[in-house]
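Colleague:
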Amino acid sequence: MPNFSIEHKFNAPVIGLDEVGRGALAGPVISCGCVFHDYTIQNEFSEYILDSKKLSRKKRLKSFKYLNSLKNKNQISYCLGIAKVDEIDAINILEATK
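Using my numbering, the first residue of the sequence shown is number 12, and each one after it goes up by one.
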């Protein structure tokens, strides 16, 4: 369960970053940055804020809905970036991920 121990050490926002698609032979790479404005999480949803690859499709959908509800309540902010194949080919996968 996330405990936000790292975030509590700073007097400024901590932004989490992750990407998907770097291992694919072709296709886009998608990156996401997220910041929690509120470090409290309801215990019943803590199991959904983990590695999405380990969640069932049903749990991933529930997690997505939960995160969107947090965004609608201004408890988190997140933004997605997408780099398509042409951009990856032009600047390389690492730069496209950034």
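Note that the Cβ used here is the ideal one computed from N, Cα and C, for glycine as well.
Counting only the same chain and skipping the five closest in sequence on each side, list residues whose C-beta sits under 7 angstroms from that of G32.
Modeller: Here residue 32 refers to the residue found at position 21 of the sequence shown. The residues are G38, P39, V40 and I41.
Colleague: Measuring alpha carbon to alpha carbon, tell me which of I26, L36, N22 and N14 ends up nearest D100.
Modeller: For the purposes of this step, residue 100 is taken as residue 89 along the sequence shown, with counting starting at 1. The shortest Cα separation from D100 among I26, L36, N22 and N14 belongs to L36.
Colleague: Report back the beta-carbon spacing between Y77 and C43 to the nearest angstrom; my notes put them in contact at under 8 angstroms.
Modeller: The residue given as residue 77 occupies position 66 in the sequence shown. The residue given as residue 43 occupies position 32 in the sequence shown. Not a contact, Cβ separation roughly 15 angstroms.
Colleague: What are the boundary residues of the beta strand (DSSP E) that Y89 is part of?
Modeller: Within the sequence shown, the letter at position 78 stands for residue 89. Element bounds for Y89: I87 to A94.
Colleague: Is D120 helix, strand or coil by DSSP?
Modeller: Because residue 120 is not part of the residues shown, which for the chain are 12 to 109, the question remains open.
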